[in-house]
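Enquirer:
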Amino acid sequence: MKIDGRCHCGYITFEAEIEPDKTLLCNCTDCQTFSGSAFRVHAFTRENAFRLLSGEPKIYVKTAESGNERPQAFCPECGTHIYAAAAGAGPKVYAIRIGSIRQRDQIVPHTQWWSRSAQPWVTHVGSIRKFEKQP
7 MKIDGRCHCG
17 YITFEAEIEP
27 DKTLLCNCTD
37 CQTFSGSAFR
47 VHAFTRENAF
57 RLLSGEPKIY
67 VKTAESGNER
77 PQAFCPECGT
87 HIYAAAAGAG
97 PKVYAIRIGS
107 IRQRDQIVPH
117 TQWWSRSAQP
127 WVTHVGSIRK
137 FEKQP
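In this note's numbering, the protein residues as written are 7 to 141.
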């Protein structure tokens, strides 16, 4: 699936080819902290299928529970998270943050990682009172 996206302020724009059936929701505590929410959703693409169209992301390297380093790319202007990738040499797989993808309404996660860290209330989101906009 061909996608395109941008950060909140528009400084960073990109396009990529993803495999929507490999999209996943991650409940790890790092994703919770980075997103400021209960989880983060990732769509995957290979290095040769991802192209920055504008801007240059800032990179922060986090160390995972496994000890692996994982560069996190985000907009230096507005802070929108764009992707993560493995550190080191070799072909990269990018985990694009679905919130930065314009076609995010067409992409559904098929797998959950780190379910042991999931917030218990997440399974009840559908039953929470809803408003079309902020009241």
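Ideal placement from N, C-alpha and C gives every residue a C-beta, glycine not left out.
It should be emphasised that the depicted structure is a prediction, and the values quoted were computed from it without experimental measurement.
1) Could you give the distance in angstroms between the alpha-carbon of Ala49 and the alpha-carbon of Cys34?
2) Go ahead and label Pro63 buried or exposed: buried means 16 or more other beta carbons lie within 10 angstroms of its beta carbon, across all protein chains shown.
3) Note down the Cα distance separating Ala124 from Lys136, rounded to an integer number of angstroms.
4) Buried or exposed for Arg108, going by 16 or more other Cβ atoms inside 10 Å?
5) Spell out a yes or no on whether the stretch 108-119 and the stretch 61-81 are touching, meaning 3 or more CB-CB pairs, one atom from each, closer than 8 Å.
6) How should His14 be labelled, buried or exposed, when 16 other C-beta atoms within 10 angstroms of its C-beta is the threshold for buried?
7) Pick helix, strand or coil for Ile102, following the three-state DSSP scheme.
8) Smallest Cα separation from Gly16: which of Cys84, Ala90, Lys68?
9) State the Cα-Cα distance for the pair Ala79 and Ile88, rounded to the nearest angstrom.
10) Quick one, which of Gly61, Phe45, Ser133, Ile9 has its alpha-carbon nearest Thr51's?
11) I'd like the list of long-range same chain contacts for Cys37, defined as Cβ closer than 8 Å, with 5 residues on each side in sequence excluded.
Expert: Taking the definition as stated:
1) The residue labelled residue 49 in the question sits at position 43 within the sequence shown. The residue labelled residue 34 in the question sits at position 28 within the sequence shown. So the alpha carbons of these two residues sit roughly 16 Å apart.
2) On the sequence shown, residue 63 is found 57 positions in, with the first residue counted as 1. Sixteen is the threshold: when 16 or more other Cβ atoms of the shown chains lie within 10 Å of the Cβ of Pro63, as they do, the residue is buried.
3) Here the question's residue 124 lines up with position 118 in the sequence shown. Here the question's residue 136 lines up with position 130 in the sequence shown. Straight-line Cα distance between these residues: approximately 22 Å.
4) Residue numbering aside, residue 108 sits at position 102 when the sequence shown is read from its first letter. With a 10 Å radius around the Cβ and a threshold of 16 neighbouring Cβ atoms, Arg108 comes out exposed.
5) Too few Cβ pairs lie closer than 8 Å, so no.
6) Here residue 14 refers to the residue found at position 8 when the sequence shown is read from its first residue. His14 is exposed by the Cβ-count criterion.
7) Taking the sequence shown and counting its residues from 1, one reaches residue 102 at position 96. It is a strand residue.
8) For this step, residue 16 is matched to residue 10 along the sequence shown. The residue from Cys84, Ala90, Lys68 with its alpha-carbon nearest to that of Gly16 is Cys84.
9) Translated into positions along the sequence shown, residue 79 becomes position 73. Translated into positions along the sequence shown, residue 88 becomes position 82. Their backbone Cα atoms lie some 6 Å apart in a straight line.
10) Against the sequence shown, residue 51 aligns to sequence position 45. Among Gly61, Phe45, Ser133, Ile9, the Cα nearest to that of Thr51 is on Ile9.
11) Within the sequence shown, numbered from 1, the residue matching residue 37 stands at position 31. Setting aside the 5 residues that flank it on each side, Cys37 is surrounded in the same chain by Phe45, Arg46, Trp120, each with a C-beta closer than 8 Å to its C-beta; the list follows chain order.
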